[in-house]
Structures are given as C-alpha cells and as structure tokens.
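Residue numbering for the sequence shown is 99 to 267, as defined by the numbering used here.
Below is one structure, written out as structure tokens; comments come after it.
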Amino acid sequence: MLLCKIMLAVPEDVHSIVTGKLALRYAGPEVEAMLSIAKSSQERSLAALEKTVVEHAQYIQGDPVVKSHLADLYDNLLEQNLLRIIEPFSRVEVEHVSVIINLPLDRVEKKLSQMILDKKLHGTLDQGLGVLVLYDDTSVDKTYKASLQTISGIGTVVDALYAKAKALN
99 MLLCKIMLAV PEDVHSIVTG KLALRYAGPE VEAMLSIAKS SQERSLAALE KTVVEHAQYI
159 QGDPVVKSHL ADLYDNLLEQ NLLRIIEPFS RVEVEHVSVI INLPLDRVEK KLSQMILDKK
219 LHGTLDQGLG VLVLYDDTSV DKTYKASLQT ISGIGTVVDA LYAKAKALN
C-alpha cells in the first residue's frame, strides 16, 4: 500500500499511514525503507532515491515487484527533473543539463532522446554540437479536421448523385 501511494504521486500520505495505530505493529526496516523512498519522491531527489536504494538494498533488491516499481519511479523523477531544468530554454547544451542534474552525459542524452521519441518533449538533439533544441508545442488546427470532414461529406453526396444519374439513364 505504501508503494502504491508513492507510485500514485501522493508520497505525503505514506507518513500518515505508517504512524497510524494499525500500522505500528508492522514497523521495521522495510517500512523505514518505504518512508525513505517516499521522502525522496516528495523531494523529487534522484540522489536521495539512489542513496535509499543502496542503504536498503537487502529489502528492495530482493523483491522483483518493488525493484521494478522503483525503476519506474526513478525514470519518472528523472523525466520530471529534466523537464523542470530545460523548461526556460529554447536551446541548451546537454552537458550543461547533465552538470545541473549531476548525472553522466550519456545517461542524460539517452533519457532526452527517449523523451523525444515518446513525444514527452518536442525538440531535437544535435549531437554534433551537443545541444538540445526545443520547439514550442504545436496545437492541432481545427480547420484542417473540419475540412477533411466536409470533403468526405461531399464525396458521399457526389457518389449518391452519380448513382441516381446512372439509374435515370
């Protein structure tokens, strides 16, 4: 239940659940690990999450479900932090982003390219210059969709008129 609260982006609920009367009998190192994970998630801190995973490795690494969810949590935190860092820029050096987020350049570059391919980020990576070029979000033009519907309707009308004209001859 604690991991569910963390993954649903409400880590502040974890502390209230753990301090409840019914949860006190489950207190132990596993619960402390979840509290630490919730705290790092609430702070959006990748370093704190990595530190928690290392400190509580015996409780976290042994369970494949927890390990899988923590990998997803790490990816989500990394995406959120990258988006927050690059938000004010229209063009930024990837090395500068990696220095700010304190991660290796290749990991940041890989995650940015994944975010671009997943359409979570609108831009391109210029690997020759080592620059991320960001584009403004483009809105879908409603006129285009309306025009396609009109043309489709006209096609149906023309087909019906052709069938009637053929029947008259």
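C-beta: ideal position from N, C-alpha, C; glycine also.
This one's a predicted model, so the numbers in the text were calculated from it and none came from an experiment.
Range covered by the beta strand (DSSP E) that runs through residue 231
Annotation: the continuous beta strand (DSSP E) that includes residue 231 extends over 229-232.
Alpha helix (DSSP H) segment containing residue 148, residue limits:
Per DSSP, the unbroken alpha helix (DSSP H) holding residue 148 starts and ends at 144-153.
What are the start and end residues of the alpha helix (DSSP H) that includes residue 193?
Per DSSP, residue 193 belongs to the alpha helix (DSSP H) from 192-199.
Helix, strand or coil for residue 106 per DSSP?
In this structure, residue 106 counts as coil in the three-state DSSP scheme.
Taking one C-beta from the stretch 121-137 and one from the stretch 153-162 each time, how about it: are there three or more such pairs within less than 8 Å?
A contact exists between the stretch 121-137 and the stretch 153-162.
Since residue 118 is in the alpha helix (DSSP H), which residue starts that stretch and which ends it?
Unbroken run through residue 118: none, as it is neither H nor E.
When you compare each of 138, 109 and 230 to residue 183 by their alpha carbons, which one comes out closest?
If we check each option's Cα against that of residue 183, 230 comes out closest.
Leaving aside the five residues before and after residue 99 along the sequence, list all residues of the same chain whose C-beta is less than 6 Å from its C-beta, in chain order.
Excluding five sequence positions before and after residue 99, none of the CB atoms of its chain fall closer than 6 Å to its own CB.
Sorted by chain position, which residues of the same chain lie with C-beta nearer than 8 Å to residue 211's C-beta, five sequence neighbours on each side aside?
Here the set comprises 223.
Check whether the Cβ atoms of residue 177 and residue 218 sit closer than 8 Å, and answer yes or no.
The Cβ atoms of residue 177 and residue 218 lie closer than 8 Å to each other.
How many angstroms separate the CA atom of residue 101 from the CA atom of residue 125?
Roughly 15 Å separates the two Cα atoms.
Out of 259, 253 and 149, which has the shortest C-alpha to C-alpha gap to residue 135?
Of the listed residues, the one whose Cα sits closest to residue 135 is 149.
Would you mind working out which of 107, 261 and 200 sits nearest residue 141, comparing C-alpha positions?
For residue 141, the closest alpha carbon among the candidates 107, 261 and 200 is that of 107.
Suppose the cutoff is 7 Å on Cβ atoms and the five residues either side in sequence are ignored; what does the same chain contact list for residue 233 look like?
Annotation for residue 233: 220 and 221 place their beta carbon closer than 7 Å to its own, counting only its chain and skipping 5 residues before and after.
Straight-line gap, residue 215 to residue 261 (C-alpha atoms, nearest Å):
Rounded to whole angstroms, residue 215 and residue 261 show a C-alpha spacing of 47 Å.
By the three-class DSSP mapping on this structure, what secondary structure does residue 101 have?
Residue 101 falls in the helix class under three-state DSSP.
Element boundaries [alpha helix (DSSP H), containing residue 221]:
Unbroken run through residue 221 is the beta strand (DSSP E), 221-224; no alpha helix (DSSP H).
Can the beta-carbon of residue 193 be found less than 8 Å from the beta-carbon of residue 228?
It is a contact, given that the beta carbons lie within the stated cut-off.
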